[in-house]
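**Q** Input: one structure, supplied below.
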Amino acid sequence: MQTKRSPADWGLFLLLSACWASAFAMTKVAVGELPASVIIPGRLMTGALTLWAVMLVRGDRLPPFSDRSSWLAIVGMGVAGTALPFYLITIGQKTIDSSLAALLISGAPLFTAVLAHFYFHDERFTGFKIAGLATGFAGVALLLGPDAMQGLGNVDLIAQLLVLGGAFCYAVNSIIARQAPRLPPIVLPVGFLTVASITSVPMLFWTDWETVDPTKASLLCILGLGAVSTGLAGILLMQLVARTSATFVALTGYVIPIMSAVLGYFAFGETQSWNAVAAFILILAGVWFSQRQSRKRAAASS
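See below:
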């Protein structure tokens, strides 16, 4: 396990963040025309089929069912780390603002850091890590604005707990990914997206198909959500976890709001208030602080 982050690590980190951040823009287009009961299965199935095609071309295959440890990781990431948070967050966002939901989801790095502290000896809490996590969360809160903070406890508490549960699921997903057996990078994503797709099938039976009238734009967004934000992101996730740590990967939760804001500006003309620049600085400082101790240890051991 590397402690000093290489340029390749940071490149994968930013690319993964961009894949996940693009989901917000594509989802915004898709939800305007399609119900969540179509978007979620469509996204998962597209991602799974895309990766199945790549895996077959590469000549890789899923592990045999006798490989219990691999299949426990696959099922865990498919159900607890992918399908379940999609359900929880989608249901929760029906009654709370997207800004409040984003603030709650940004708690994933905090959950991951706590879990990793107890599961992995090389991811213990340090002063720098605690300062970095707190600074990054403050930056996200500042970026989303006071309205999101005021919403805490003042709107549907059940909905907030559902979204927060989704954030916790993402943290669990990072822990499972870190502990998963080392397989070809594409194998685990193919497996867990296939499992997640199967669990999403019942949603299609709940859909009122008479009201479904997709446009070319909404269908393209579902394809993008599946191929890029889910399929490609799954491969990048496994590569980055194998190279770094669960906590480092979870820090994408702080960078994603920055990239989402940039995409929102160029795609939809969404403008940011004066506090956006200060928030960006806080978020980047938080990411840097959280990795500062690791760099120091790496220098001491070299």
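Quick note: the sequence shown, position 205, residue 207 per the working numbering, numbers continuous. Just so you know, even glycine gets a beta-carbon here, dropped at the ideal spot from N, CA and C.
1. By Cβ distance below 8 Å, which residues in the same chain neighbour Ser135 in space, the five residues on each side in sequence not counted?
2. How would you label Phe207, buried or exposed, when you count the other beta carbons within 10 angstroms and need 16 or more for buried?
3. I think Gly168 touches Pro87, with their Cβ atoms under 8 Å apart; what is that distance to the nearest whole Å?
4. Taking the Cβ atom as the reference point for each residue, do Ser202 and Leu36 lie within a distance shorter than 9 Å?
5. Please classify Pro66 as buried or exposed, where buried requires at least 16 neighbouring CB atoms within 10 angstroms.
6. Looking at Ala75 and Pro183, is the spacing between their C-beta atoms short of 9 Å?
7. Taking the alpha-carbon positions, what's the Phe268 to Ile258 distance?
8. Verify whether the separation of the beta carbon atoms of Ala85 and Ser262 is less than 9 Å.
9. Could you check if Glu212 is buried or exposed, using at least 16 other CB atoms within 10 Å of its CB as the buried criterion?
10. Just to check my reading of the structure: Leu46 and Ser199 have Cβ atoms closer than 8 Å, yes? What is that Cβ distance to the nearest angstrom?
11. Looking at C-alpha atoms only, which residue of Leu185, Gly109, Ile285, Leu242 is the closest neighbour of Leu166?
12. On the CB-based measure, 16 or more other CB atoms within 10 Å of its CB, does Phe120 come out buried or exposed?
13. Could you pull the start and end residues of the alpha helix (DSSP H) that Gln162 belongs to?
14. Hey, out of Ser247, Val59, Thr254, Gly266, whose CA is closest to Leu7's CA?
15. Taking the alpha helix (DSSP H) that Phe270 belongs to, which residues open and close that run?
16. Quick one: which unbroken beta strand (DSSP E) runs of 3-plus residues sit fully inside the segment 29–88? Chain order, please.
17. List the endpoints of the continuous alpha helix (DSSP H) containing Ile237.
18. Reducing DSSP to helix, strand and coil, say where Lys218 ends up.
19. Taking the CB atoms as reference points, tell me whether Met57 and Val251 lie closer together than 9 Å.
20. Have a look at Ala10 and Asp215 and give me their C-alpha separation to the nearest angstrom.
21. DSSP three-state call for Ile188: helix, strand or coil?
22. Please check if any C-beta of chain D sits within less than 9 Å of the C-beta of Leu58.
23. Considering just the uninterrupted stretch of the alpha helix (DSSP H) at Pro127, what are its terminal residues?
24. Could you name the residues of the same chain whose beta carbon sits closer than 6 Å to that of Ala82, not counting the 5 residues immediately before and after it, in chain order?
25. Leaving aside the five residues before and after Ala244 along the sequence, list all residues of the same chain whose C-beta is less than 6 Å from its C-beta, in chain order.
26. Does Ile178 pass the burial test, meaning 16 or more other C-beta atoms within 10 Å, or should it be called exposed?
27. For Lys218, count the other beta carbons within 10 Å of its own beta carbon; 16 or more makes it buried, fewer makes it exposed. Which is it?
28. Gly226 by DSSP, collapsed to three states: which one?
29. For a test of the three-state rule: what should DSSP assign to Thr114, helix, strand or coil?
30. Does Trp208 come out as helix, strand or coil in the three-state DSSP assignment?
31. For Gly13, which three-state DSSP category applies?
**A** So, to answer that:
1. Taking the sequence shown and counting its residues from 1, the one referred to as residue 135 is at position 133. Per the sequence shown, the amino acid found at residue 135 is Leu instead of Ser. Excluding positions up to five away in sequence, the list reads Pro111, Leu112, Ala115, Gly288, Ser292.
2. Within the sequence shown, numbered from 1, the residue matching residue 207 stands at position 205. With fewer than 16 other Cβ atoms within 10 Å, it is exposed.
3. For the purposes of this step, residue 168 is taken as residue 166 along the sequence shown, with counting starting at 1. For the purposes of this step, residue 87 is taken as residue 85 along the sequence shown, with counting starting at 1. Pro87 and Gly168 do touch by the CB rule: their CB atoms are close to 4 Å apart, below 8 Å.
4. In the sequence shown, counting from the first residue as 1, residue 202 sits at position 200. In the sequence shown, counting from the first residue as 1, residue 36 sits at position 34. Ser202 is not a Cβ neighbour of Leu36, given a cutoff of 9 Å.
5. Against the sequence shown, residue 66 aligns to sequence position 64. Around the beta-carbon of Pro66, fewer than 16 other beta-carbon atoms lie within 10 Å, marking it exposed.
6. Taking the first residue of the sequence shown as 1, we reach residue 183 at position 181. Taking the first residue of the sequence shown as 1, we reach residue 75 at position 73. Annotated as proximal: Pro183 and Ala75, with beta-carbon spacing under 9 Å.
7. As a working mapping, residue 268 is identified with position 266 in the sequence shown. As a working mapping, residue 258 is identified with position 256 in the sequence shown. Separation of Phe268 and Ile258 (C-alpha to C-alpha, rounded to the nearest whole angstrom) is 15 Å.
8. Your numbering for residue 85 matches position 83 in the sequence shown. Your numbering for residue 262 matches position 260 in the sequence shown. Not closer than 9 Å, so no.
9. Taking the first residue of the sequence shown as 1, we reach residue 212 at position 210. That one is exposed.
10. To locate residue 46, count along the sequence shown from 1; it is residue 44. To locate residue 199, count along the sequence shown from 1; it is residue 197. Going by Cβ atoms, the distance from Leu46 to Ser199 rounds to 4 Å, so yes, they are a contact pair.
11. As a working mapping, residue 166 is identified with position 164 in the sequence shown. Of the listed residues, the one whose Cα sits closest to Leu166 is Gly109.
12. The count along the sequence shown starts at 1 and reaches residue 120 at position 118. Exposed: under 16 other Cβ atoms inside 10 Å.
13. Stepping through the sequence shown from its first residue, residue 162 is reached at position 160. In the DSSP assignment, Gln162 falls within the alpha helix (DSSP H) that extends over 159–181.
14. Here residue 7 is taken as the residue at index 5 of the sequence shown, counted from 1. Reading the sequence as shown, one finds Arg at residue 7 and not Leu. Ser247 is the residue among Ser247, Val59, Thr254, Gly266 whose C-alpha sits nearest the C-alpha of Arg7.
15. Taking the sequence shown and counting its residues from 1, one reaches residue 270 at position 268. Residues 254–270.
16. Those beta strand (DSSP E) runs which fall completely within the segment 29–88 and span 3+ residues do not exist here.
17. As a working mapping, residue 237 is identified with position 235 in the sequence shown. Per DSSP, the unbroken alpha helix (DSSP H) holding Ile237 starts and ends at 235–245.
18. Here residue 218 corresponds to residue number 216 of the sequence shown, with the count starting at 1. Three-state DSSP puts Lys218 in a helix.
19. Translated into the one-based positions of the sequence shown, residue 57 becomes position 55. Translated into the one-based positions of the sequence shown, residue 251 becomes position 249. Their beta carbons are not under 9 Å apart, which means Met57 does not touch Val251 by this criterion.
20. As a position in the sequence shown, residue 10 is number 8, starting the count at 1. As a position in the sequence shown, residue 215 is number 213, starting the count at 1. Distance between the alpha carbons of Ala10 and Asp215: 43 Å.
21. Indexing the sequence shown from 1 puts residue 188 at position 186. Coil, per DSSP.
22. The structure shown has no chain D; it contains just one protein chain.
23. Here residue 127 is taken as the residue at index 125 of the sequence shown, counted from 1. In the sequence under discussion, the amino acid at residue 127 is Phe, which differs from the Pro named in the question. Secondary structure note for Phe127: it is in no alpha helix (DSSP H), with a DSSP letter that is neither H nor E.
24. The residue labelled residue 82 in the question sits at position 80 within the sequence shown. Leaving aside the five residues that flank Ala82 on each side, the residues in its chain whose CB is nearer than 6 Å to its CB run, in chain order, Cys171, Val174.
25. In the sequence shown, residue 244 corresponds to position 242, counting from 1. Within the same chain, Ala244 has no close Cβ partners at all.
26. By 1-based counting over the sequence shown, the position of residue 178 is 176. The residue is buried, with at least 16 neighbouring Cβ atoms inside 10 Å.
27. Here residue 218 corresponds to residue number 216 of the sequence shown, with the count starting at 1. Classification of Lys218: exposed, given that the 10 Å Cβ count is below 16.
28. Taking the first residue of the sequence shown as 1, we reach residue 226 at position 224. Helix.
29. Within the sequence shown, the letter at position 112 stands for residue 114. In the three-state scheme derived from DSSP, where H, G and I count as helix and E and B as strand, Thr114 is classed as helix.
30. Mapped onto the sequence shown, residue 208 falls at position 206. Trp208: coil per DSSP, three-state reduction.
31. Taking the first residue of the sequence shown as 1, we reach residue 13 at position 11. In the three-state reduction of the DSSP assignment, Gly13 falls in the helix class, which pools H, G and I.
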